[in-house]
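One structure is given below, encoded as structure tokens.
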Amino acid sequence: MQAIHTIHSRFVPLQIENIDTDQIIPARFLKATTKEGFGKNLFRDWRYENDDENRPRPGFALNDPGYSGQILVAGKNFGCGSSREHAAWSLLDYGFRVVVSSFFADIFKSNALNNGLLPVQVSDGFLQRIFALGSSATLTVNLEEQSIAIDATGDMERFAINPYKKTCLLHGYDDLDYLLSIKSAIESFEKQPA
Amino acid sequence: MGKTLFEKIWEKHIVRTIADGPDVLYIDKHFIHEVTSPQAFAGLERRGLKVFRPAQVVATADHNVPTINQHLPISDELSRNQVEQLIRNCKAHGIELYGLGHPYQGIVHVIGPELGITQPGMTIVCGDSHTSTHGAFGSIAFGIGTSEVEMVLASQCLLQARPKLMRIRVEGSLNRGVVSKDIILHIISAISSSGATGYFVEFAGSAIRSLSMEARMTICNMSIEMGARGGMIAPDQTTFDYLEGRRFAPAGRDWDQKLEEWKRLYSDEDAVFDKEVSIAAGDIEPMITYGTNPGLGIAINGLIPAPETIPDESERRNIVKALNYMGLEAGKPLKGMPVQHVFIGSCTNSRIEDLRLVAGLVKGRKKNEGVKVMIVPGSQQVAAQVREEGLDKIFAEAGFEVRQPGCSACLGMNEDKIPAGEYCISTSNRNFEGRQGAGARTLLASPLTAAAAAITGVVTDIRELLS
Numbered sequence: 046m047q048a049i050h051t052i053h054s055r056f057v058p059l060q061i062e063n064i065d066t067d068q069i070i071p072a073r074f075l076k077a078t079t080k081e082g083f084g085k086n087l088f089r090d091w092r093y094e095n096d097d098e099n100r101p102r103p104g105f106a107l108n109d110p111g112y113s114g115q116i117l118v119a120g121k122n123f124g125c126g127s128s129r130e131h132a133a134w135s136l137l138d139y140g141f142r143v144v145v146s147s148f149f150a151d152i153f154k155s156n157a158l159n160n161g162l163l164p165v166q167v168s169d170g171f172l173q174r175i176f177a178l179g180s181s182a183t184l185t186v187n188l189e190e191q192s193i194a195i196d197a198t199g200d201m202e203r204f205a206i207n208p209y210k211k212t213c214l215l216h217g218y219d220d221l222d223y224l225l226s227i228k229s230a231i232e233s234f235e236k237q238p239a
Numbered sequence: 040m041g042k043t044l045f046e047k048i049w050e051k052h053i054v055r056t057i058a059d060g061p062d063v064l065y066i067d068k069h070f071i072h073e074v075t076s077p078q079a080f081a082g083l084e085r086r087g088l089k090v091f092r093p094a095q096v097v098a099t100a101d102h103n104v105p106t107i108n109q110h111l112p113i114s115d116e117l118s119r120n121q122v123e124q125l126i127r128n129c130k131a132h133g134i135e136l137y138g139l140g141h142p143y144q145g146i147v148h149v150i151g152p153e154l155g156i157t158q159p160g161m162t163i164v165c166g167d168s169h170t171s172t173h174g175a176f177g178s179i180a181f182g183i184g185t186s187e188v189e190m191v192l193a194s195q196c197l198l199q200a201r202p203k204l205m206r207i208r209v210e211g212s213l214n215r216g217v218v219s220k221d222i223i224l225h226i227i228s229a230i231s232s233s234g235a236t237g238y239f240v241e242f243a244g245s246a247i248r249s250l251s252m253e254a255r256m257t258i259c260n261m262s263i264e265m266g267a268r269g270g271m272i273a274p275d276q277t278t279f280d281y282l283e284g285r286r287f288a289p290a291g292r293d294w295d296q297k298l299e300e301w302k303r304l305y306s307d308e309d310a311v312f313d314k315e316v317s318i319a320a321g322d323i324e325p326m327i328t329y330g331t332n333p334g335l336g337i338a339i340n341g342l343i344p345a346p347e348t349i350p351d352e353s354e355r356r357n358i359v360k361a362l363n364y365m366g367l368e369a370g371k372p373l374k375g376m377p378v379q380h381v382f383i384g385s386c387t388n389s390r391i392e393d394l395r396l397v398a399g400l401v402k403g404r405k406k407n408e409g410v411k412v413m414i415v416p417g418s419q420q421v422a423a424q425v426r427e428e429g430l431d432k433i434f435a436e437a438g439f440e441v442r443q444p445g446c447s448a449c450l451g452m453n454e455d456k457i458p459a460g461e462y463c464i465s466t467s468n469r470n471f472e473g474r475q476g477a478g479a480r481t482l483l484a485s486p487l488t489a490a491a492a493a494i495t496g497v498v499t500d501i502r503e504l505l506s
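Each protein sequence line maps, in turn, to chains A and B. Offset between the first sequence (1-based) and my numbering: plus 45. Offset between the second sequence (1-based) and my numbering: plus 39.
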């Protein structure tokens, strides 16, 4: 997993709530057996008319050359629905490292953290202030300080993250490294009487 | 202070607790399927690891499999590749696979319970959000991502922060024509599609107690649709009667011993939940959804809400967007609206009891000409039972097409898709945009309400067809 410290970047706004993982990556693209290459189908049915890559839907933020960056900013309850980790893979593969929302669905959040994609939960008010910014505005997300700031105004908010997960992300560790290191404890647990 | 059902099970499965971090939670049973496991096996191979406890893993092929001609090679190359990959991975790691052609094959959340693999007091995971289904037996069951599938394969453990706990009580007797799908759609509409995010939910109360195991599974299945990590119901005599004698249920002295343990699995009188919700069963009517998340539902005789009556601006925007996708008009009823498709299946409602309900209603009736009706049994065992009970003849006479087991049109990964712009009354669990095919418009409802629409061709109040 790629470590993450500070991301300073422009952002792509998706002012839509309850974005489910079927929108992030539709089920028909889940037939791969590797984790790579999902970015081209990210938000596929919102991005293209009639599934045609030559017909990008105007008005959809990913198709707007004015927007770019490593940060996706979305309405509340982002990532609800299916447990497909392909959602996190497709966001990363597209080039995002941070998703900002005022609320995340549980499984998406775990999947994101397990892949080095940082979910940053902010207040509704802060989220609205980001949406009100122009396309050239930049944000700075600092994991060590657990802060997100609007660079132009200095408007800043702190975000919460489990201390264990924070350490993992800062160093690029994943849970499996840890679990493998305590194998003997797991074996002893199994031998306990029920 | 007493303990909740959840706490009793969780605490028995803690291998250790990380300071300021999650618990290392031991997993008893791990179900895997073809779509969310290949990258996990590839990860193991990259690290040179074997599956730690293959006997605790059960595999099936369900998500992308065709529901006709399952004896033939899968024509879609990518789907075939995934299914073959699963066969190779299971073989290489010594995992039991109920694949295509096996008499136990079926939707993972149908076969676990029907084979008696799912038992009270267990921790159960699967790379699928509807793993919550297994909580109906009084187990802690939840969906995980592929990285976590890899962790469980490698260590039989997961790092999990303890969720908050919510109890939802449904008290009283159910109205005529109301089944468990209506209960859960009512609850989700009441608390919203994110109303239980961060929580694990225990369903309780006299109306829940009165339900069969199949009906309880429908409720727990959709707990993820209100954002909950999982749902659960304390085991009772209904649970024990269902399990006794099943293929992998304990037997003889083991059964007696397990039964004693299982009888202690309930929330103590003085147990404390972070949140309590109370629902009167008498308030629940047959339900249907009109929007693009499962929380956007109304009683079958209700009106689609008018956005201008909704105070919250973002909620208003959501509904406008949903109605636009669905091609529906605010303030109008759904009842009487023509539908082109009826899908009866999925891990929510494809069990034998669901199909008996449907058969009971359609016996001696014919489907409306304007509707295509697809019934997809949840498993080979359900399909066999359908034939044994002669339900297949009732369906054939009604003009319903009965297909072979799989996830099918619930998520449109195989060729069972709803065409763009057309309406489908579906017994599945999600009405997201494009879920049943790009542009498809899904109305979620109970098997009874779906069957009623198949007969009349329009959204129908099932109570008008009951004699």
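Just so you know, even glycine gets a beta-carbon here, dropped at the ideal spot from N, CA and C.
Exercise for the section: Would you mind stating whether T51 of chain A and V167 of chain A have Cβ atoms separated by less than 8 Å? Expected result: No, they are not a contact pair.
Practice task
Report the option in B:G417, B:Y462, B:K297 and B:G473 whose CA atom is closest to the CA atom of Q144 of chain B.
Solution key: Measuring from the Cα of Q144 of chain B, the nearest candidate turns out to be B:G417.
Practice task
Could you pull out every residue in the same chain whose Cβ sits closer than 6 Å to the Cβ of F148 of chain A, ignoring the five residues on either side in sequence?
Solution key: The residues K121 and N122, in chain order, have a CB closer than 6 Å to that of F148 of chain A in the same chain once the five nearest residues on each side in sequence are set aside.
Problem - At least three beta-carbon pairs within less than 8 Å, the stretch 330 to 349 of chain B to the stretch 294 to 308 of chain B - result: No, the stretch 330 to 349 of chain B is not in contact with the stretch 294 to 308 of chain B.
Practice task
Could you check how far apart the C-beta atoms of L304 of chain B and P346 of chain B are, in whole angstroms? I think they sit under 8 Å.
Solution key: That belief does not hold up - the Cβ atoms of L304 of chain B and P346 of chain B are roughly 45 Å apart, past 8 Å.
Exercise for the section: May I have a chain-ordered list of the alpha helix (DSSP H) segments no shorter than 4 residues that lie completely inside the stretch 56 to 131 of chain B? Expected result: Those alpha helix (DSSP H) runs which fall completely within the stretch 56 to 131 of chain B and span 4+ residues are 77 to 86.
Practice task
Measure the alpha-carbon distance for G291 of chain B versus V410 of chain B and round it to whole angstroms.
Solution key: Looking at the two C-alpha atoms, the distance is approximately 50 Å.
Problem - Proximity test, Cβ basis, 8 Å: S229 of chain A and chain B - result: Taking Cβ atoms only, chain B never reaches closer than 8 Å to S229 of chain A, which makes this a no.
Problem - C-alpha distance - E129 of chain B paired with A119 of chain A, whole-angstrom precision - result: What sits at residue 129 of chain B in the sequence shown is Cys, not Glu. Those two C-alpha atoms are separated by around 39 Å.
Exercise for the section: Would you check if the stretch 69 to 82 of chain A and the stretch 123 to 137 of chain A touch, i.e. whether three or more CB-CB distances between them fall below 8 Å? Expected result: Taking a cut-off of 8 Å for Cβ pairs, the stretch 123 to 137 of chain A and the stretch 69 to 82 of chain A touch, as three or more such pairs fall below it.
Practice task
Starting from the beta carbon of I57 of chain B, find every residue of chain A whose beta carbon is closer than 7 Å, and list them in chain order.
Solution key: Within chain A, the residues near I57 of chain B are Y209.
Problem - Interface residues of the stretch 287 to 304 of chain B facing chain A [CB-CB below 8 Å] - result: Contact annotation: in the stretch 287 to 304 of chain B, residues whose CB is within less than 8 Å of a CB in chain A are E300.
Practice task
Would you tell me roughly how many angstroms separate the C-alpha atoms of E440 of chain B and L430 of chain B, rounded to the nearest one?
Solution key: Cα to Cα, the separation comes out at about 12 Å.
Practice task
Over the uninterrupted beta strand (DSSP E) stretch that includes G182 of chain B, give me the two end residues.
Solution key: Secondary structure note for G182 of chain B: its beta strand (DSSP E) is the uninterrupted segment I179 to G182.
Handout entry: Neighbour list for T183 of chain A in chain B, Cβ cutoff strictly below 8 Å
Key = For T183 of chain A, there are no C-beta contacts with chain B under 8 Å, since the nearest C-beta of that chain is about 25 Å from it.
Practice task
With a 10 Å radius around its C-beta and 16 neighbouring C-beta atoms as the bar for buried, classify L505 of chain B as buried or exposed.
Solution key: Burial state of L505 of chain B is exposed, judged by a 10 Å Cβ sphere holding fewer than 16 other Cβ atoms.
Handout entry: Through-space distance from S306 of chain B to R89 of chain A, alpha-carbon basis
Key = Using only the alpha carbons, I get a separation of about 45 Å.
Problem - Own chain residues within Cβ distance below 8 Å of M252 of chain B, not counting five before or after - result: In chain order, P152, A175, F176, T277, T278 and Y281 place their CB closer than 8 Å to the CB of M252 of chain B, counting only its own chain and leaving out the 5 sequence neighbours on each side.
Problem - Where T328 of chain B meets chain A, residues with beta-carbon distance less than 8 Å - result: Within 8 Å Cβ-Cβ: nothing; T328 of chain B doesn't reach chain A, min ~13 Å.
Exercise for the section: Determine, using beta carbons only, whether M205 of chain B comes closer than 8 Å to chain A. Expected result: For M205 of chain B, the answer is no, since every Cβ of chain A falls outside 8 Å of its Cβ.
Exercise for the section: Taking R73 of chain A as the query, report the chain B residues whose CB atoms sit under 7 Å from its CB, ordered along the chain. Expected result: Chain B residues near R73 of chain A: G451 and M452.
Exercise for the section: Determine the direct distance from the alpha carbon of I343 of chain B to that of E368 of chain B, and round the result to whole angstroms. Expected result: About 7 Å.
Exercise for the section: Can you tell me which of the three DSSP states M265 of chain B falls into? Expected result: DSSP, read as helix, strand or coil, puts M265 of chain B in helix.
Practice task
State the Cα-Cα distance for the pair G87 of chain B and D500 of chain B, rounded to the nearest angstrom.
Solution key: Distance between the alpha carbons of G87 of chain B and D500 of chain B is about 58 Å.
Handout entry: Beta carbon of A200 of chain B nearer than 8 Å to that of N108 of chain A
Key = Not closer than 8 Å, so no.
Practice task
Give the single residue among A:P110, A:Y112, A:F141 and A:D151 whose Cα lies nearest to the Cα of F83 of chain A.
Solution key: Among A:P110, A:Y112, A:F141 and A:D151, the Cα nearest to that of F83 of chain A is on A:F141.
Practice task
Pull up the distance between the alpha-carbon of P458 of chain B and that of A254 of chain B, whole angstroms please.
Solution key: If you take the alpha carbons of P458 of chain B and A254 of chain B, they lie about 30 Å apart.
Handout entry: Neighbourhood of G155 of chain B by C-beta, 7 Å cutoff - its chain only, sequence neighbours within 5 removed
Key = Once the five neighbours on either side are set aside, the close Cβ partners of G155 of chain B are L282, R285, R286, F287 and A288.
Problem - Alpha carbon of H132 of chain B to alpha carbon of G270 of chain B, nearest angstrom - result: So the alpha carbons of these two residues sit roughly 31 Å apart.
Exercise for the section: Per DSSP, which residues does M326 of chain B bridge with? Please list them. Expected result: DSSP, once it has assigned bridges, lists B:A338 as partnering M326 of chain B.
Handout entry: Nonlocal neighbours in the same chain, by C-beta distance under 8 Å from R174 of chain A, ignoring five residues either side
Key = For R174 of chain A, same chain residues with a beta-carbon under 8 Å away, outside a window of 5 residues either side, are I195 and D200 in chain order.
Practice task
Would you mind reading off the limits of the alpha helix (DSSP H) that contains N260 of chain B?
Solution key: Segment M252 to N260, the alpha helix (DSSP H) holding N260 of chain B.
Problem - Supposed close pair N159 of chain A, D220 of chain A - CB separation, criterion 8 Å - result: Their Cβ separation, rounded to whole angstroms, is 7 Å, which keeps N159 of chain A and D220 of chain A in contact under 8 Å.
Exercise for the section: For R268 of chain B, return the contacting residues in chain A, with the cut-off set at a CB-CB distance below 9 Å. Expected result: Here the neighbours are D151 and I152.
Handout entry: Given G445 of chain B as reference, the closest of B:S219, B:Q420, B:Y462 and B:F434 once Cα atoms are compared
Key = Of B:S219, B:Q420, B:Y462 and B:F434, the residue nearest in Cα terms is B:Q420.
Practice task
Counting only the same chain and skipping the five closest in sequence on each side, list residues whose C-beta sits under 6 Å from that of G384 of chain B.
Solution key: Correct list, in chain order: V415 and S447.
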